[in-house]
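Here the structure comes first, spelled out in structure tokens, and everything after it is commentary.
Protein chains: 2
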Amino acid sequence: MDSETYWHLKNFNLLQALSDEELKRLQDMVNTDWIRRKDPVYLPGDPTEWVYFLKKGLVKLSMTAESGKSATVALLKPGEVFGELSQDESQRSSMEAITLKNSYLCRISRTGFNDFARRNKDLILSVNKLLGLRLRKIETAVYDMLFLDVPSRLAKLLYQLSLSDSIEIKNGRLITMPLTHQELGNLVGATREMVTNVLGRMEVEGLIGKDGRKLIIRDIRRLEAMSHGKGFQA
Amino acid sequence: MDSETYWHLKNFNLLQALSDEELKRLQDMVNTDWIRRKDPVYLPGDPTEWVYFLKKGLVKLSMTAESGKSATVALLKPGEVFGELSQDESQRSSMEAITLKNSYLCRISRTGFNDFARRNKDLILSVNKLLGLRLRKIETAVYDMLFLDVPSRLAKLLYQLSLSDSIEIKNGRLITMPLTHQELGNLVGATREMVTNVLGRMEVEGLIGKDGRKLIIRDIRRLEAMSHGKGFQA
DNA sequence: CTGGAATTGTAAACCAGTTCACAGAAGTTC
DNA sequence: GAACTTCTGTGAACTGGTTTACAATTCCAG
Chain A
1 MDSETYWHLK
11 NFNLLQALSD
21 EELKRLQDMV
31 NTDWIRRKDP
41 VYLPGDPTEW
51 VYFLKKGLVK
61 LSMTAESGKS
71 ATVALLKPGE
81 VFGELSQDES
91 QRSSMEAITL
101 KNSYLCRISR
111 TGFNDFARRN
121 KDLILSVNKL
131 LGLRLRKIET
141 AVYDMLFLDV
151 PSRLAKLLYQ
161 LSLSDSIEIK
171 NGRLITMPLT
181 HQELGNLVGA
191 TREMVTNVLG
201 RMEVEGLIGK
211 DGRKLIIRDI
221 RRLEAMSHGK
231 GFQA
Chain B
1001 MDSETYWHLK
1011 NFNLLQALSD
1021 EELKRLQDMV
1031 NTDWIRRKDP
1041 VYLPGDPTEW
1051 VYFLKKGLVK
1061 LSMTAESGKS
1071 ATVALLKPGE
1081 VFGELSQDES
1091 QRSSMEAITL
1101 KNSYLCRISR
1111 TGFNDFARRN
1121 KDLILSVNKL
1131 LGLRLRKIET
1141 AVYDMLFLDV
1151 PSRLAKLLYQ
1161 LSLSDSIEIK
1171 NGRLITMPLT
1181 HQELGNLVGA
1191 TREMVTNVLG
1201 RMEVEGLIGK
1211 DGRKLIIRDI
1221 RRLEAMSHGK
1231 GFQA
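If you're matching them up, the sequences are chains A and B in order.
Okay, so the first sequence: first residue is 1 according to our numbering, each after it adds one.
Okay, so the second sequence: first residue is 1001 according to our numbering, each after it adds one.
Have a look at this one:
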């Protein structure tokens, strides 16, 4: 492999615990794929036979109903691992994974990975930790869906995006993650129209601004506050 | 301990992998508690310092908002394990665990349990499997909340209760789990009134019946069908 | 078996968010 | 830079579910 695309499994948190020798062994089990923007990695109903390591790009993990409605569960960035990790020999995927940018990812067979992990206490512990994190994340997502209204949920999302995916600009922070209103809606469980509407109000209130189609966070404090209480309270 | 209350850790799925010797060692780390019906095991905000094994009784795990609204995440029966299991040194509990019947449970310090598990590959693997199951369960809960209406969610719940907590009677199955309309509502994410209303319609349709305050499942087939599609479709 | 507490039943008013139906703006492609 | 596609903006009509307020029933303790 050339040095441009040469990839260290080492860069994945999950694998941090492995020795160089073990990494080499694992490396032999790995396939690397390139997937074009908007193409699927896997679809609902596919067997869960691979574990994926995202090397470069952006992947959206979402649930879809037959009605066509869909909800985004996670946006995965380089270094993140997805696919069914637990030992449990579960049937088929309920989710769909689609790239939002051209992406490089590595793929290990689930059974292969599990056999490998079985011989590596530290790796099992890492998997354990990761599952715990995922669990807590989805639990708070449930909490938010049940107890917060759409403006609060959107405020929270923008707050988080501003921490994880933005750059400092004059008078605010520019969100770099390329998300349409539709995709924001899928992330907070609301319609595209509702998102447009709420963002409009937020702009009037001076909480956010926009540069063409990109969002600018203007008052992160108030956004953060809003993400707890009841939306716009008047 | 007398033979009535003597308890084999062995009966817990999670611990199946342990040898008798290991079980003995674990047993020394265990406290047994008796908790009165309706009393809490822990509350939101409590530190997550224990892992619990429910020996006898019934425990409700739920999330509550400051508004007082609450959602039930799980009903735990003897043999089930709860509390924060993953290695991740997470802060405080977001959930509340309350007994619905007088209950016996065993309690192991989380750090103790984790140290113990760290030396037991098979145990960690079991924990992983359990976390995987929990994850899948909550994922389908999210799916249901997002894509199914209240009648469908309730139908699904009744269907499941009829599989797991009912006894055969003449002309149907009697649900043995003691749940009020309020509690059914908390389980499906709806108000008490909505539950009363939907159950009423289900009774008219001949899907269910009631014996005093207890529910009887009359047509499990149609309930099951209903749990997929759009509630009452006319 | 009786009095009070908890649960169920009911219906009208209300509301957050969806649906529908377009119009305008911003990017993209050739 | 024209033609197209994708995305944003907007408002009216609608709807599933909540809220509120009470009445009726069931349960349980003494």
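By construction, the Cβ of each residue, glycine as well, lies at the ideal position given by its N, Cα and C atoms.
Distance between residue j and residue i (C-alpha atoms, nearest Å)
i	j	result
Arg173/A	Pro1040/B	44 Å
Thr323/A	Ile138/A	The structure shown has nothing for residue 323/A, since chain A only spans 1 to 234.
Gly1045/B	Gln182/A	35 Å
Gln1160/B	Arg1221/B	12 Å
Glu11/A	Leu23/A	Reading off the sequence shown, one finds Asn at residue 11/A, where the question assumed Glu. When rounded, the distance between both Cα atoms is 11 Å.
Thr191/A	Gly185/A	5 Å
Thr180/A	Thr1032/B	54 Å
Trp1034/B	Ser62/A	43 Å
Gly1189/B	Ala1097/B	18 Å
Tyr52/A	Gly83/A	6 Å
Arg153/A	Val195/A	10 Å
Leu158/A	Leu54/A	24 Å
Gly229/A	Leu148/A	8 Å
Phe1232/B	Lys1038/B	35 Å
Leu105/A	Lys56/A	7 Å
Lys1121/B	Asn1013/B	15 Å
Ser126/A	Leu1125/B	11 Å
Lys214/A	Asp1211/B	60 Å
Asn1102/B	Gly1079/B	15 Å
Val1074/B	Val1081/B	In the sequence as displayed, the identity of residue 1074/B is Ala instead of Val. Distance between the alpha carbons of Ala1074/B and Val1081/B: 11 Å.
Leu1187/B	Leu130/A	27 Å
Asp115/A	Lys77/A	26 Å
Simplified DSSP state of residue i, which is helix, strand or coil
i	result
Gly200/A	helix
Met63/A	strand
Val1179/B	First, the residue type needs correcting, since residue 1179/B is Leu and not Val in the sequence shown. It is coil, neither helix nor strand.
Glu1205/B	coil
Ala74/A	strand
Lys214/A	strand
Lys1010/B	helix
Gly57/A	strand
Gly1132/B	helix
Gly1083/B	coil
Glu89/A	coil
Gly172/A	strand
Lys1121/B	helix
Ser1227/B	coil
Gly185/A	helix
Met1001/B	Because Met1001/B carries a pLDDT of 44, less than 50, the predicted location of this residue cannot be relied on, and the following value inherits that uncertainty. Of the three classes helix, strand and coil, the one that applies to Met1001/B here is coil, per DSSP.
Thr1191/B	coil
Residue burial classification, residue i (beta-carbon count within 10 angstroms, cutoff 16)
i	result
Pro151/A	buried
Ile208/A	buried
Arg1119/B	exposed
Asp20/A	exposed
Leu133/A	exposed
Leu58/A	buried
Asn171/A	exposed
Ala1141/B	buried
Ser1164/B	exposed
Ala71/A	buried
Ser1093/B	buried
Arg1110/B	buried
Thr1099/B	buried
Leu1043/B	exposed
| For the segment 118-131 of chain A, which residues have a CB atom closer than 8 Å to at least one CB atom of chain B, in sequence order? | Hits within the stretch, in order: Arg118, Lys121, Ile124, Leu125, Val127, Asn128, Lys129 and Leu131.
| Length at least 4, wholly inside the segment 93-118 of chain A: the alpha helix (DSSP H) runs in chain order | Those alpha helix (DSSP H) runs which fall completely within the segment 93-118 of chain A and span 4+ residues are 110-118.
| task | Kindly provide the ranges of any beta strand (DSSP E) runs that are 3 or more residues long and lie completely inside the segment 1017-1054 of chain B, ordered along the chain. | result | The qualifying runs are 1031-1035 and 1040-1042.
| request: Please name the residues in the segment 1033-1053 of chain B whose beta-carbon is closer than 8 Å to at least one beta-carbon of chain A, in chain order. | output: Residues: none.
| At a Cβ cut of 8 Å, what residues of the segment 131-163 of chain A count as close to chain B, listed as they run along the chain? | Taking 8 Å as the Cβ-Cβ cut-off against chain B, the residues of the segment 131-163 of chain A that qualify are Leu131, Gly132, Leu133, Arg134, Leu135, Arg136, Ile138, Glu139, Thr140, Ala141, Val142, Tyr143, Met145, Leu146 and Phe147.
| Residues of the segment 1189-1213 of chain B whose Cβ lies closer than 9 Å to any Cβ of chain A, in chain order | Near chain A, meaning a CB-to-CB distance below 9 Å, the residues of the segment 1189-1213 of chain B are Gly1189.
| said: Runs of 4 residues minimum, wholly inside the segment 1135-1166 of chain B: which ones carry the alpha helix (DSSP H) assignment? | reply: Assignment of alpha helix (DSSP H) within the segment 1135-1166 of chain B, counting only whole runs of 4 or more residues, yields 1150-1164 in chain order.
| query | At a Cβ cut of 8 Å, what residues of the segment 1057-1072 of chain B count as close to chain A, listed as they run along the chain? | reply | Along the segment 1057-1072 of chain B, the positions whose C-beta sits under 8 Å from a C-beta of chain A are Met1063, Ala1065, Ser1067, Lys1069 and Ala1071, read in chain order.
| query | Which residues, in order along the segment 73-91 of chain A, keep a beta-carbon less than 9 Å from a beta-carbon of chain B? | reply | Going along the segment 73-91 of chain A in chain order, one finds Val73, Glu84, Leu85, Ser86, Gln87, Asp88 and Ser90 with a Cβ nearer than 9 Å to chain B.
| said: Counting only Cβ-Cβ distances shorter than 7 Å, please list the residues of the segment 90-104 of chain A near chain B, keeping chain order. | reply: For the segment 90-104 of chain A, the residues whose beta carbon sits under 7 Å from a beta carbon of chain B are, in order, Ser90 and Ser94.
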